[in-house]
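Asks: Sharing a structure below in structure tokens format, with a few things to ask.
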């Protein structure tokens, strides 16, 4: 069995499953953000006309994290957040992260850094980038609000078809200023935005073994941009190190690994030794080009942050490049750490000072400009270069603008010049 | 007979179907006003209720890719559009089934705006061009949810069975 087949078999109480089987796995962790407001509506509707009181099956397994519109940009959002806050209080939801400078942040950073996700877990979230948590060897996938209401009621996901798995084997050493973001953009460009629809991407190879959990989170986060149900990395020593040292996990860690004779739909081999920085050009994430084909493109806004690339190592590389430099006139730079914890770490290491002295605006942790809801919108005809995960038309709040996606190193180097710049050629 | 009222290309994302800046609106009664908000002509017709219920929105491949936002489904279900596409992105397809949106997977469909399409269980005939196209069945794993009239009704049944 593949990792996902093994996880689904265990969670469904079956000795084995294979791709195509229909199962009803028990959920280990169910995450929502502000869209819990809609989940609540659907959840209460399930109980309409029944004598049963609406009660979450296991509030300790539910996480609610405010990140999409923090602090609230409108009275409507604030009222929705209030409704969710009241509900999680009444239901006793165990993992609630409000808008705070101590425990707040983006949901896909909060879950790993608090040790909420473990290898072998079934994790569902009302957010497509829930795929991120495959970085810790869990089967994690995005669902809609109504599906989450079912999970809250029953504790299982109903009628899950066991997905097929594509094995991705990655070899070679990254060149300087090339890393996980370039690898995943390259892969998406290669297999297309539909290339893994309804499938799992399972990452293997020496490059993955040597990669930090932060890098693995980038790969799994963006697996959904190839349509994947989930991305997953087999749990190993690095997973255990991350969970023990960075996430403070003390309980047992039980990796679920694929069998040697696991059945894969296909195998993709990639050697990163010669990979150059990659750019996803407007308006699809699979419109990927090596940086030299788009270098020199004028950009009005640089964004570093998000659940994809807002962690400490991302900020470290940006600070290294920006130290003593200035953001180009006519270009604005927005930096938003993925969590309050990372923000505090970046303060301690002096990165925030470097960014501000360079002219960047450092914003509170949250989804920020990534989805163009309440800050960092683009003007008509403007272009952004961003370490986020999507460049769909209108994504950064304006359909008459463009978004290019890149790594933190490319974003930082380009902030200094005001044009898309290869950090390897500076 | 259902008419194609709006045709879009491949990889149409939920950011295009329901832009992120309207996500604070969640009620299915309120989301239709923002359907394809940045496609001014189509959105205006929807808002003016000039699109007859049962009209066809024709998508390409990977319709509904991107975010899991359910507003992208409820905004199309409100005006009772039928979505015909070459295929759908996973989360959108599941959300559509869960909410009872009418969706048809037609891998080889060729049609233009204004064409009339005759729908049956396993085939679609473009009456304007005279060509017939095969319809793919919905995932069998989800048929019970379709038959129950959506996931809320199905969950309610399951919940009551679990208690008994």
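Protein chains in written order, with our numbering: chain Z, 1 to 426; chain A, 1001 to 1164.
By construction, the Cβ of each residue, glycine as well, lies at the ideal position given by its N, Cα and C atoms.
Are the beta-carbon atoms belonging to residue 38 (chain Z) and residue 61 (chain Z) less than 7 Å from one another?
Replies: Result no, Cβ atoms of residue 38 (chain Z) and residue 61 (chain Z) do not sit closer than 7 Å.
Asks: For residue 209 (chain Z), which option in Z:232, Z:185, Z:187, Z:238 has the closest C-alpha, if you only look at C-alpha atoms?
Replies: Z:238
Asks: Cβ of residue 1155 (chain A) less than 7 Å from any chain Z Cβ?
Replies: yes
Asks: Report the rounded CA-to-CA distance for residue 165 (chain Z) versus residue 263 (chain Z), giving the unit in angstroms.
Replies: 8 Å
Asks: Which residues in chain Z sit within 8 Å of residue 1145 (chain A), going by Cβ to Cβ distance?
Replies: 158, 159
Asks: So, is residue 1160 (chain A) buried or exposed, given that buried needs 16 or more other C-beta atoms within 10 angstroms?
Replies: exposed
Asks: How far does the beta strand (DSSP E) with residue 1154 (chain A) in it reach, from first residue to last?
Replies: For residue 1154 (chain A), no beta strand (DSSP E) encloses it; the enclosing alpha helix (DSSP H) starts and ends at 1151 to 1163.
Asks: Measure the C-alpha to C-alpha separation of residue 1070 (chain A) and residue 325 (chain Z) and round it to an integer number of angstroms.
Replies: 44 Å
Asks: Check whether the Cβ of residue 221 (chain Z) lies closer than 7 Å to any Cβ atom in chain A.
Replies: no
Asks: With distances taken between CB atoms, is the gap from residue 109 (chain Z) to residue 339 (chain Z) smaller than 7 Å?
Replies: Closer than 7 Å, so yes.
Asks: Counting only C-beta atoms, is residue 1070 (chain A) closer than 7 Å to chain Z at any point?
Replies: For residue 1070 (chain A), at least one C-beta of chain Z is nearer than 7 Å to its own C-beta.
Asks: Is the beta carbon of residue 146 (chain Z) closer than 7 Å to that of residue 1098 (chain A)?
Replies: Against a cut-off of 7 Å, the Cβ pair of residue 146 (chain Z) and residue 1098 (chain A) comes out as a contact.
Asks: For the region 295 to 310 of chain Z against the region 379 to 393 of chain Z, are there 3 or more C-beta pairs whose distance is under 8 Å?
Replies: Yes, since at least three Cβ pairs between the region 295 to 310 of chain Z and the region 379 to 393 of chain Z fall closer than 8 Å, the two stretches touch.
Asks: Could you list which residues in chain Z have their beta carbon closer than 7 Å to that of residue 1089 (chain A), in chain order?
Replies: 197, 227
Asks: List, in order along the chain, the chain A residues whose C-beta lies closer than 8 Å to that of residue 127 (chain Z)?
Replies: 1067, 1068
Asks: In this structure, does DSSP put residue 1174 (chain A) in helix, strand or coil?
Replies: Because chain A here runs from 1001 to 1164, residue 1174 (chain A) falls outside it and cannot be looked at.
Asks: Measure the C-alpha to C-alpha separation of residue 361 (chain Z) and residue 334 (chain Z) and round it to an integer number of angstroms.
Replies: C-alpha separation (whole angstroms): 5 Å.
Asks: With a Cβ-Cβ cutoff of 7 Å, do residue 171 (chain Z) and residue 202 (chain Z) count as a contact?
Replies: no
Asks: In terms of residue numbering, what span does the beta strand (DSSP E) encompassing residue 386 (chain Z) cover?
Replies: Note, residue 386 (chain Z): beta strand (DSSP E), 383 to 386.
Asks: Thinking just about the alpha-carbon of each residue, which of Z:365, Z:186, Z:252, Z:257 is nearest to the one in residue 276 (chain Z)?
Replies: Z:186
Asks: For residue 238 (chain Z), would you say it is in contact with chain A, using Cβ-to-Cβ distances shorter than 7 Å as the test?
Replies: no
Asks: Of the residues Z:107, Z:312, Z:155, which one's Cα is nearest the Cα of residue 215 (chain Z)?
Replies: Measuring from the Cα of residue 215 (chain Z), the nearest candidate turns out to be Z:312.
Asks: With distances taken Cα to Cα, identify the nearest neighbour of residue 1113 (chain A) among A:1068, A:1141, A:1056.
Replies: A:1056
Asks: Pull up the distance between the alpha-carbon of residue 102 (chain Z) and that of residue 343 (chain Z), whole angstroms please.
Replies: 10 Å
Asks: Who are the neighbours of residue 1170 (chain A) on chain Z, taking C-beta pairs under 8 Å?
Replies: Outside the shown range of chain A, which is 1001 to 1164, sits residue 1170 (chain A), and nothing can be said about it.
Asks: Classify residue 314 (chain Z) as buried or exposed, calling it buried when 16 or more other Cβ atoms lie within 10 Å of its own Cβ.
Replies: buried
Asks: Check each candidate in A:1068, A:1107, A:1073, A:1081 and name the one with the smallest Cα separation from residue 1196 (chain A).
Replies: Beyond the ends of chain A as shown, which are 1001 and 1164, falls residue 1196 (chain A); an answer cannot be given.
Asks: Which runs of the alpha helix (DSSP H) at least 4 residues long sit entirely within the region 118 to 188 of chain Z? Give them in chain order.
Replies: 145 to 154
Asks: Please list, in chain order, all residues of the same chain as residue 8 (chain Z) whose beta carbon is under 6 Å from its beta carbon, the five residues on each side excluded.
Replies: 17, 23, 25, 162
Asks: Closest to residue 318 (chain Z) by CA distance: which of Z:230, Z:413, Z:141 is it?
Replies: The shortest Cα separation from residue 318 (chain Z) among Z:230, Z:413, Z:141 belongs to Z:413.
Asks: Consider the Cβ of residue 1008 (chain A): report whether some Cβ of chain Z lies at a distance smaller than 7 Å.
Replies: no
Asks: Along chain A, in chain order, which residues have C-beta atoms closer than 7 Å to that of residue 392 (chain Z)?
Replies: 1013, 1015, 1016, 1066
Asks: Among residues of its own chain, excluding the 5 on either side of residue 1008 (chain A), which ones have a beta-carbon nearer than 6 Å to its beta-carbon?
Replies: 1059
Asks: To the nearest angstrom, how far is the alpha carbon of residue 332 (chain Z) from that of residue 417 (chain Z)?
Replies: 11 Å
Asks: Can you give me, in chain order, the residues of the region 380 to 406 of chain Z that have a beta carbon less than 7 Å from any beta carbon in chain A?
Replies: 390, 392, 393, 394, 395, 397, 399
Asks: Given a cut-off of 7 Å on the beta-carbon distance, is the pair residue 140 (chain Z) and residue 213 (chain Z) in contact?
Replies: no
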